[in-house]
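Participant: Just so we're aligned, residue 25 is where the sequence shown starts under the numbering used here, counting upward by one. Glycine included, each C-beta is placed from N, C-alpha and C at the ideal position. Handing you this structure, nothing more for now.
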Amino acid sequence: MISIQVKQLTKRFGNVVALHGLDLTINPGELFFLLGPSGCGKTTLLRSLAGFYIPEEGQILFGNEDVTKLEPHKRNTGMMFQSYALWPHMTVAENVAFGLHERKVPATEVRRRVDEALSSVRMEQYADRRPNQLSGGQQQRIALARALVIRPRCLLLDEPLSNLDAKLRLEMRTEIRRVCKEFQLTTVYVTHDQKEALSIADRMAILESGYILQVGTPREVYKRPTRKTVANFIGETDFLTGKVLGMVGNYVTVETEVGKFDGVFGDPVNIPAVGATVTVSIRPECWELHRDAEPRNFVRGRIGDSIYLGEVAQYDFVTHNGVKLKIFERNPRFVDSSQRGELYAAVAPEDVVVLTA
Ligand code: ATP
């Protein structure tokens, strides 16, 4: 298992600065995700790790080895792409063996390692088929086996599941995590799919315009975004504008356009002063609806439009002063219009995240 360290990494394409002096450490054996809006630099960072791009400034270390300028084939990384990139004229076994032949591994060893790789992705019975005789999910498993068979130092995955249908994506994401953990591989995974990242990542980085905005576990990033852009990018949220009134124990009290709330700072380092204008982020599922007023952190209003989705209902909650909030209610009660009327939406202070920007 190796760590991957990125130090002050800058990559330019002409006048475009795709990565601005990035610093990042990925721990040995970690399944690490790169997330962010289109054009934020995810692919550029992944391709720099693979050696397809040489950065203008900075360093990349695999363990203690500086690989910044090393050619791709000497880095011993396992790559898996969105397009499976399997050779159509070769069998499954030949596709998997390809990288071993290139490395001049002896034939008996090739056979043993191909069998082992196919069995690790549960595809040993398909060794003699050609790629066009396999489903999309099976082809993706073969692409994973091909990446694993060379015993890479780390695995680099570029949107590996985006060509699969929703059900297969669910199945394959758990498979990828299982295989990464079984092989104890440090893995960097680029995706557009937040659910993929939230469900299987050990940690993730959120990028924007070539900068890293936040690094953390899925829970940290979802529950405690440090910036408005992160809160907005991951999951759904309502933003309220507020002013800091003061601190009460571990909580900050904020006056917002719908009333006073106690909350927590998203960024524990850059704490806004009393009187500062802030943004408050509250996730729709954090609200609870009640018939009566709560002791604190509530707002009075009525349900407007609603969507019933079985296990959850999504409401437009219109506050007493006309502000619209999204509220999700699990095991919905208030979806029945006879249950409505004036209601109180309450939220725990831990779920009121106060942000400076
Ligand atoms: P997406 O989610 O759309 O794949 P991304 O986050 O992977 O986007 P990158 O492909 O890394 O983004 O691109 C980062 C920035 O660098 C973008 O502004 C992009 O236009 C630019 N860029 C990427 N590759 C090149 C290139 N070969 N030549 C010029 N500019 C490039």
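1) Rank Leu-333, Trp-111, Arg-165 by C-alpha distance to the C-alpha of Arg-357 and give the top, closest one.
2) Using only CA atoms, which one of Pro-242, Val-138, Ser-305, Gln-29 lies nearest to Ala-121?
3) Shortest alpha-carbon distance to Phe-289 belongs to which of Gly-283, Val-278, Val-282?
4) Fully enclosed by the region 125-197, which alpha helix (DSSP H) runs are 4 residues long or longer?
5) Let me know the secondary structure DSSP gives Gln-218 once reduced to three states.
6) Find the nearest neighbour of His-44 within the set Lys-66, Ile-327, Arg-165, judged by alpha-carbon distance.
7) Is His-216 near ligand 1, in the sense that its beta carbon is under 8 Å from a heavy atom of that ligand?
8) Quick one: any contact between the region 25-32 and the region 49-68, if contact means 3 or more CB pairs under 8 Å?
9) Would you report the Cα separation of Asp-47 and Arg-71, rounded to the nearest angstrom?
10) State yes or no: is the C-beta of Cys-178 within less than 9 Å of the C-beta of Gly-75?
11) Between which two residues does the beta strand (DSSP E) harbouring Phe-352 extend?
12) Whose CA, out of Gly-240, Val-359, Phe-257, lies closest to the CA of Asp-217?
13) Applying the 10 Å Cβ sphere with the 16-neighbour rule, what's the burial state of Pro-249?
14) Mapping DSSP to helix, strand and coil, what is Arg-324?
15) Is any heavy atom in ligand 1 found nearer than 8 Å to the beta carbon of Gly-82?
16) Is Pro-61 near ligand 1, in the sense that its beta carbon is under 8 Å from a heavy atom of that ligand?
Facilitator: Taking the coordinates as given:
1) Residue numbering aside, residue 357 sits at position 333 when the sequence shown is read from its first letter. Arg-357 has its Cα closest to that of Leu-333, out of Leu-333, Trp-111, Arg-165.
2) In the sequence shown, the residue the question calls residue 121 occupies position 97. For Ala-121, the nearest C-alpha among the options comes from Val-138.
3) Working through the sequence shown from its first residue, we reach residue 289 at position 265. Relative to the Cα of Phe-289, the nearest Cα in the group Gly-283, Val-278, Val-282 belongs to Val-278.
4) Runs of alpha helix (DSSP H) with 4 or more residues, each lying fully within the region 125-197, are found at 131-144, 160-173, listed in chain order.
5) Along the sequence shown, one-based indexing puts residue 218 at 194. Here Gln-218 sits in helix by DSSP.
6) By 1-based counting over the sequence shown, the position of residue 44 is 20. The residue with the shortest Cα to Cα distance from His-44 is Lys-66.
7) On the sequence shown, position 192 is the one that residue 216 refers to. Correct: His-216 has its Cβ closer than 8 Å to ligand 1.
8) Segments in contact, yes.
9) Taking the first residue of the sequence shown as position 1, residue 47 is located at position 23. Taking the first residue of the sequence shown as position 1, residue 71 is located at position 47. Linking Asp-47 to Arg-71 through their CA atoms gives a straight-line distance of about 16 Å.
10) Along the sequence shown, read from residue 1 onward, the residue named residue 178 stands at position 154. Along the sequence shown, read from residue 1 onward, the residue named residue 75 stands at position 51. Not closer than 9 Å, so no.
11) On the sequence shown, residue 352 is found 328 positions in, with the first residue counted as 1. Residues 348-354.
12) As a working mapping, residue 217 is identified with position 193 in the sequence shown. Among Gly-240, Val-359, Phe-257, the Cα nearest to that of Asp-217 belongs to Phe-257.
13) Here residue 249 corresponds to residue number 225 of the sequence shown, with the count starting at 1. By the beta-carbon neighbour count (other beta carbons within 10 angstroms, threshold 16), Pro-249 is buried.
14) Stepping through the sequence shown from its first residue, residue 324 is reached at position 300. Strand at Arg-324.
15) One-based indexing of the sequence shown puts residue 82 at position 58. No.
16) Taking the first residue of the sequence shown as position 1, residue 61 is located at position 37. Result yes, Cβ under 8 Å from ligand 1.
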